[in-house]
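A.B. asks: Below: one structure in structure tokens.
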Amino acid sequence: MDDDEKPTLNEQELYEYLHYDEGLPVTRRAIKYAVLRREIQPTRLGGGNFYSKRDGLEWVKSRKQTGVYRAPENRAAVGE
3 MDDDEKPTLN EQELYEYLHY DEGLPVTRRA IKYAVLRREI QPTRLGGGNF
53 YSKRDGLEWV KSRKQTGVYR APENRAAVGE
């Protein structure tokens, strides 16, 4: 098993790895809610949830937006 695939990080350590080591603009809150929504699935070991570096990087890749982004119209501003 590659070191990047070993589930050795807790939620806080996963955030620190992505934010500080990889320099990605993720917030602690984004990681927390991704875990709650099961976008990042844990490995359950010894009563704790652990994540691999690859789990975090795969989650970041899954956030990629495809297509053209269009801001929603503000219907309240146009009087509807």
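Residues 3 to 82 in our numbering are what the sequence shown lists, from first letter to last. For glycine and all other residues, C-beta sits at the position ideal for the given N, C-alpha and C.
1) First and last residue of the alpha helix (DSSP H) that includes Gly58?
2) Below 8 angstroms on the Cβ atoms is my contact criterion, and I expect Asp23 with Ile42 to pass it. Report the Cβ-Cβ distance as a whole number of Å.
3) Measure the Cβ-Cβ separation of Lys55 and Tyr17 and say whether it is below 7 angstroms.
4) Taking only beta-carbon atoms, is Asn76 less than 7 angstroms away from chain D?
5) DSSP on Arg39, reduced to helix/strand/coil?
C.D. replies: This is what the structure holds:
1) In the sequence shown, the residue the question calls residue 58 occupies position 56. For Gly58, the enclosing alpha helix (DSSP H) starts and ends at 55-64.
2) Working through the sequence shown from its first residue, we reach residue 23 at position 21. Working through the sequence shown from its first residue, we reach residue 42 at position 40. Not a contact, Cβ separation roughly 17 angstroms.
3) Reading the sequence shown from its first residue, position 53 is the one you call residue 55. Reading the sequence shown from its first residue, position 15 is the one you call residue 17. Against a cut-off of 7 angstroms, the Cβ pair of Tyr17 and Lys55 comes out as no contact.
4) This model lacks chain D altogether; it includes just one protein chain.
5) To locate residue 39, count along the sequence shown from 1; it is residue 37. Of the three classes helix, strand and coil, the one that applies to Arg39 here is coil, per DSSP.
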